[in-house]
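Peer 1: To start, I am sharing the structure in question, which I have written as structure tokens.
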Amino acid sequence: MTAVHLRDVAVSYGRRTAVGPVDLDVDGGSWLCLIGPNGAGKTSLLHAVAGLVPHAGSVHVGGQRLEGMGPTTRARLVALVPQIPTIPDDLTVGEYVLLGRTPYIARFGVESDHDRAVATAAIDRLELGVFAGRLLRQLSGGELQRVLLARALVQETPVLLLDEPTTALDLGHQQQVLGLVDELRADYGLTVVTTMHDLTLAGAYADTLVLLNEGRPVARGQPDSVLSEETLRRYYGADVRVVTTDDGTRAVIPFRGSVPARGR
Amino acid sequence: MTALAARPPVVLTRPTTRRWWLAAAGALVGAAAAGVLVGPAGLPVRGVLLDLVGHLPLVHVHSGLSATDRAVLWQIRLPRMVLGAIVGWTLAASGAGYQGVFRNPLADPYLLGAAAGAGLGATLIIAYAPRASGWPIDPVPAAAFIGAVVAVATSYVVATAADRRGGAATVLLAGVAVAAFFTAAQTYVQQQHASTLHDVYSWILGRLTSASWHDVLLVLPYAAVSSAVLLAHRRRLDVLSVGDAEASTLGVHAARTRLVVVGAATLGTAAAVAVSGLIGFVGIIVPHLVRLGAGGSYRRVLPLSMVGGAAFLIGADLLARTVAAPAEVPIGVVTAFFGAPFFLLVLRHRARR
Numbered sequence: 025m026t027a028v029h030l031r032d033v034a035v036s037y038g039r040r041t042a043v044g045p046v047d048l049d050v051d052g053g054s055w056l057c058l059i060g061p062n063g064a065g066k067t068s069l070l071h072a073v074a075g076l077v078p079h080a081g082s083v084h085v086g087g088q089r090l091e092g093m094g095p096t097t098r099a100r101l102v103a104l105v106p107q108i109p110t111i112p113d114d115l116t117v118g119e120y121v122l123l124g125r126t127p128y129i130a131r132f133g134v135e136s137d138h139d140r141a142v143a144t145a146a147i148d149r150l151e152l153g154v155f156a157g158r159l160l161r162q163l164s165g166g167e168l169q170r171v172l173l174a175r176a177l178v179q180e181t182p183v184l185l186l187d188e189p190t191t192a193l194d195l196g197h198q199q200q201v202l203g204l205v206d207e208l209r210a211d212y213g214l215t216v217v218t219t220m221h222d223l224t225l226a227g228a229y230a231d232t233l234v235l236l237n238e239g240r241p242v243a244r245g246q247p248d249s250v251l252s253e254e255t256l257r258r259y260y261g262a263d264v265r266v267v268t269t270d271d272g273t274r275a276v277i278p279f280r281g282s283v284p285a286r287g288r
Numbered sequence: 274m275t276a277l278a279a280r281p282p283v284v285l286t287r288p289t290t291r292r293w294w295l296a297a298a299g300a301l302v303g304a305a306a307a308g309v310l311v312g313p314a315g316l317p318v319r320g321v322l323l324d325l326v327g328h329l330p331l332v333h334v335h336s337g338l339s340a341t342d343r344a345v346l347w348q349i350r351l352p353r354m355v356l357g358a359i360v361g362w363t364l365a366a367s368g369a370g371y372q373g374v375f376r377n378p379l380a381d382p383y384l385l386g387a388a389a390g391a392g393l394g395a396t397l398i399i400a401y402a403p404r405a406s407g408w409p410i411d412p413v414p415a416a417a418f419i420g421a422v423v424a425v426a427t428s429y430v431v432a433t434a435a436d437r438r439g440g441a442a443t444v445l446l447a448g449v450a451v452a453a454f455f456t457a458a459q460t461y462v463q464q465q466h467a468s469t470l471h472d473v474y475s476w477i478l479g480r481l482t483s484a485s486w487h488d489v490l491l492v493l494p495y496a497a498v499s500s501a502v503l504l505a506h507r508r509r510l511d512v513l514s515v516g517d518a519e520a521s522t523l524g525v526h527a528a529r530t531r532l533v534v535v536g537a538a539t540l541g542t543a544a545a546v547a548v549s550g551l552i553g554f555v556g557i558i559v560p561h562l563v564r565l566g567a568g569g570s571y572r573r574v575l576p577l578s579m580v581g582g583a584a585f586l587i588g589a590d591l592l593a594r595t596v597a598a599p600a601e602v603p604i605g606v607v608t609a610f611f612g613a614p615f616f617l618l619v620l621r622h623r624a625r626r
């Protein structure tokens with residue numbers, strides 16, 4: 025299974041440093057979740073790993089350095105499900121999922137039978153068969169999130185990046201999608217890096233949490249070490265209770281608090 | 274395995290494509306036949322068919338057409354029909370390409386200044402070059418071609434100077450500015466040479482009136498190269514529909530793809546404009562009609578637009594030379610006058626579905 029190593033990764037927009045420098049090691053086959061307040065740099069860091077933003081430092085996936093790698097080679101190592109994907113109006117689910125095979129198709133080529141078989145398998149796996157002929161804009165939020173997962177899955181990358189995969193979903197669909205990601209991780213030995221706002225769900229599904237604040241990791245480790253009332257109060261400026269449920273999961277419960285608005 | 278086998282097969286791509294291919298091919302054959310047969314000199318169907326067959330190698334038949342009929346067929350109707358087909362196919366394919374790379378349904382092949390540049394080029398020649406012969410080639414089409422290519426290249430250079438990544442929005446804005454600039458220059462030249470107004474105006478409205486085999490040979494290589502490059506990018510255009518950033522995570526360099534597609538579309542458009550003037554609306558209406566029927570994937574939109582565009586322009590030209598016969602209506606007027614309401618009808622029908 026493929027590990028991911030970040031060394032001195034830093035992202036700047038003009039003069040403002042959004043991230044870093046960050047060192048991060050993600051064990052092969054594990055799930056790491058980036059948490060932190062808005063603007064902490066979670067998405068920027070994820071985009072650096074996906075090769076979407078220029079950055080300093082290095083990202084290694086399975087021993088291969090991503091910087092300087094061609095986009096096709098990189099797209100066979102890392103797949104990204106963006107937080108706000110661009111949804112083409114008039115492509116069908118099947119056509120959209122097939123786009124995930126792009127890194128394996130020659131510049132002017134079209135899909136081979138193998139590409140179609142991979143896409144069909146992913147669509148079956150995510151129980152999207154009945155939707156395959158439908159247009160993307162006719163899907164609900166939960167269905168769409170599964171379609172995005174399918175597109176990422178057919179890229180057959182060892183590393184899967186998910187930016188806020190549950191933001192637009194209701195409680196049940198949040199669990200369904202995260203459960204699915206966890207199953208896929210186990211089935212295909214994927215290394216998963218996500219960003220998430222829901223700390224309870226982040227703690228329930230991820231092996232490791234990394235709390236970013238102003239672009240730098242300020243806490244990292246297993247969920248029960250990171251999710252403490254004091255840490256969350258300090259970095260999120262939030263009044264919360266953290267309770268441990270019967271099965272050992274940490275639940276973060278916000279309540280009507282007295283913390284003043286956080287200034288910079 | 275039995276559970277798997279019992280599942281209905283997954284439909285990855287639309288099964289209805291064949292129907293639309295038949296419709297497009299039917300429209301093309303119908304338009305081509307009407308384009309050849311209809312006109313002030315009535316040509317007999319049987320005679321025309323036999324004469325066409327007679328031109329095949331190793332076939333010897335006597336068509337029974339008079340020398341005049343044969344001249345009408347071979348020197349007037351056929352080159353005009355073929356030129357209309359090539360121009361229509363090229364403009365429709367270029368429009369589809371522009372819409373794909375800019376993810377903008379309103380994009381047409383003139384968007385980045387091709388029309389304004391061609392207009393300026395043609396106007397300069399009409400205004401300043403003597404009408405007398407002595408040119409090795411006809412200067413107006415050549416100037417229009419060069420003007421179109423220069424305008425689009427300028428848009429791209431300006432855009433790249435402003436945004437190294439060559440984002441779609443920057444290129445579009447640069448195109449709007451360059452088009453306005455070239456149009457202003459053209460209007461100024463036109464104002465200074467009021468006597469050329471009529472010539473310039475009739476050129477701008479577009480026409481296939483004087484179509485000859487020479488024009489066909491002039492435009493064909495550009496149209497062929499342009500269409501081949503566009504068709505080769507049909508899958509890439511689908512990839513671009515998810516946006517530049519996501520395309521990049523799929524391994525596609527969006528800005529580079531955009532540059533190649535715009536280059537190919539501009540080459541075809543410039544050649545079409547050079548021989549036929551500015552014929553509007555084809556590049557928007559035809560790809561949209563295809564999308565409404567056969568779906569949005571460029572694997573179908575591009576080839577079907579080529580066939581549909583050819584049929585559409587042959588039909589429009591037929592109307593242009595028959596509705597006010599013996600006078601001719603500019604074909605650009607026909608494409609817009611009949612095309613726009615037809616398009617609105619289709620949109621309405623679709624909204625009701």
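Going line by line, the protein sequences match chains R and X. Quick note: the first sequence uses my numbering, first residue 25, plus one each step. Quick note: the second sequence uses my numbering, first residue 274, plus one each step. Glycine is no exception: its CB is placed at the ideal position from the N, C-alpha and C atoms.
#1: What do you get for P313 (chain X), buried or exposed, if any count of 16 or more other CB atoms within 10 angstroms of its CB means buried?
#2: DSSP puts W55 (chain R) in a beta bridge; with which residues?
#3: Given this structure, state the Cα-to-Cα distance separating V355 (chain X) from G370 (chain X), to the nearest angstrom.
#4: Between T522 (chain X) and chain R, is the shortest Cβ-Cβ distance under 8 Å, so that the two count as touching?
#5: Output needed for L513 (chain X): all residues of its chain with C-beta closer than 8 Å, excluding positions within five of it in sequence on either side, in chain order.
#6: Have a look at R:D51, R:V46, R:S36 and R:D47 and flag the residue whose alpha-carbon is nearest the alpha-carbon of T232 (chain R).
#7: I want to see whether chain R comes within less than 8 Å of G569 (chain X), judged by CB atoms only; does it?
#8: Who are the near neighbours of V266 (chain R) in its chain, counting only those whose CB is closer than 8 Å to its CB and skipping five residues on each side?
#9: Starting from the beta carbon of A74 (chain R), find every residue of chain X whose beta carbon is closer than 7 Å, and list them in chain order.
#10: Give every residue of the same chain whose Cβ lies closer than 6 Å to the Cβ of A452 (chain X), excluding the five residues on either side of it in the sequence, and list them in chain order.
#11: Along the chain, where does the beta strand (DSSP E) containing L236 (chain R) start, and where does it finish?
#12: Considering only C-alpha positions, which residue in the set R:D47, R:S54 and R:H29 is nearest to V84 (chain R)?
#13: Between G124 (chain R) and Q179 (chain R), is the Cβ-Cβ spacing less than 8 Å?
#14: Going by beta carbon distance, what residues of the same chain come within less than 7 Å of I419 (chain X), once the five residues before and after it are set aside?
#15: So is E135 (chain R) buried or exposed if we call it buried at 16+ other beta carbons inside 10 Å?
#16: Among X:R509, X:T522, X:I557 and X:R572, which residue has its Cα nearest to the Cα of A613 (chain X)?
#17: Please list, in chain order, the chain X residues whose beta carbon lies closer than 9 Å to that of V134 (chain R).
#18: Taking only beta-carbon positions, decide if L285 (chain X) is within less than 8 Å of chain R.
#19: Hey, does T191 (chain R) have any beta-carbon neighbour from chain X nearer than 8 Å?
#20: How far does the beta strand (DSSP E) with D187 (chain R) in it extend, from its first residue to its last?
#21: Name the residues in the region 134-162 of chain R whose C-beta lies less than 7 Å from a C-beta of chain X; which are they?
#22: Do you know how far the Cα of V283 (chain X) is from the Cα of R140 (chain R)?
#23: What number of angstroms, rounded off, separates the C-alpha of H328 (chain X) from the C-alpha of V309 (chain X)?
#24: Over the uninterrupted alpha helix (DSSP H) stretch that includes I359 (chain X), give me the two end residues.
#25: Grouping DSSP H, G and I as helix and E and B as strand, with all else coil, what is T273 (chain R)?
#26: By Cβ distance below 6 Å, which residues in the same chain neighbour Y554 (chain X) in space, the five residues on each side in sequence not counted?
#27: In whole angstroms, give me the CA-to-CA distance for S36 (chain R) and V502 (chain X).
#28: Strictly under 8 Å for the Cβ-Cβ distance: is G124 (chain R) near chain X by that measure?
#29: Listing by chain order, which chain R residues have their CB less than 8 Å from the CB of V218 (chain X)?
#30: Determine the burial state of F155 (chain R): buried for a count of at least 16 other Cβ atoms within 10 Å of its Cβ, exposed for fewer.
#31: Residues of the region 522-540 of chain X with a CB closer than 8 Å to any CB of chain R: list them in chain order, please.
#32: Alpha carbon to alpha carbon, what distance is there between A589 (chain X) and R175 (chain R)?
#33: Which residues of chain X have a Cβ atom closer than 9 Å to the Cβ of E119 (chain R), listed in chain order?
#34: In chain C, what lies closer than 7 Å to G516 (chain X) by C-beta?
#35: Where does the unbroken beta strand (DSSP E) through H307 (chain R) begin, and where does it stop?
#36: According to DSSP, L608 (chain X) sits in a beta bridge with which residue or residues?
Peer 2: Result, derived from the coordinates:
#1: Exposed, since its Cβ has fewer than 16 Cβ neighbours within 10 Å.
#2: In DSSP, W55 (chain R) forms a bridge with R:V216.
#3: A direct Cα-Cα distance of roughly 22 Å separates V355 (chain X) from G370 (chain X).
#4: Taking 8 Å as the CB threshold, T522 (chain X) lines the interface with chain R.
#5: Hits under 8 Å: G373, V374, R376, A520, V525, A527, T530 and R531.
#6: Ranking R:D51, R:V46, R:S36 and R:D47 by Cα distance to T232 (chain R) puts R:D51 first.
#7: Any Cβ of chain R closer than 8 Å to the Cβ of G569 (chain X) would place that residue at the interface, and such an atom is present.
#8: Excluding the 5 residues flanking it on each side, V266 (chain R) has same chain C-beta neighbours closer than 8 Å at L251, S252, E253, L256, R274, A275, V276 and I277, in chain order.
#9: Result: T522.
#10: Cβ within range, chain order: G386 and A389.
#11: That run of the beta strand (DSSP E) goes T232 to N237.
#12: Note that residue 84 (chain R) is His in the sequence shown, not Val. It is R:H29.
#13: Their beta carbons are under 8 Å apart, which means G124 (chain R) touches Q179 (chain R) by this criterion.
#14: So the qualifying residues of the chain are G394.
#15: E135 (chain R) comes out buried.
#16: Ranking the options by Cα distance to A613 (chain X), first place goes to X:I557.
#17: Result: R507, R508 and R572.
#18: Output row for L285 (chain X): interface = yes.
#19: T191 (chain R) does not count as touching chain X.
#20: According to the DSSP assignment, D187 (chain R) belongs to the beta strand (DSSP E) that extends over V183 to D187.
#21: Listed by position along the chain: V134, R140, A143, T144, I147, D148, G153, A156 and G157.
#22: Going by the C-alpha atoms only, they are around 10 Å apart.
#23: Taken atom to atom, the span from the alpha-carbon of H328 (chain X) to that of V309 (chain X) is near 16 Å.
#24: Per DSSP, I359 (chain X) is one residue of the alpha helix (DSSP H) stretching across L351 to F375.
#25: T273 (chain R): coil per DSSP, three-state reduction.
#26: It should be noted that the sequence gives Phe, not Tyr, for residue 554 (chain X). Around F554 (chain X), the same chain offers T608, A609 and G612 as residues with beta carbons nearer than 6 Å, after the five sequence neighbours per side are excluded.
#27: Each residue's alpha carbon lies about 38 Å from the other.
#28: Yes, contact with chain X.
#29: What the structure shows of chain X is the stretch from 274 to 626, and residue 218 (chain X) is not part of that stretch, so it cannot be assessed.
#30: Buried, since its Cβ has 16 or more Cβ neighbours within 10 Å.
#31: If you check each beta-carbon in the region 522-540 of chain X against every beta-carbon of chain R, the ones closer than 8 Å belong to T522, L523, G524, V525 and H526.
#32: Each residue's Cα considered, the two are about 43 Å apart.
#33: The contacting residues are L285, T286, R287, D511, G568, G569, S570 and R572.
#34: The structure shown contains no chain C; the protein chains it does contain are R and X.
#35: In this structure chain R extends from 25 to 288, so residue 307 (chain R) is not present and cannot be described.
#36: The question names Leu, yet the displayed sequence has Thr at residue 608 (chain X). According to DSSP, T608 (chain X) shares a beta bridge with no other residue.
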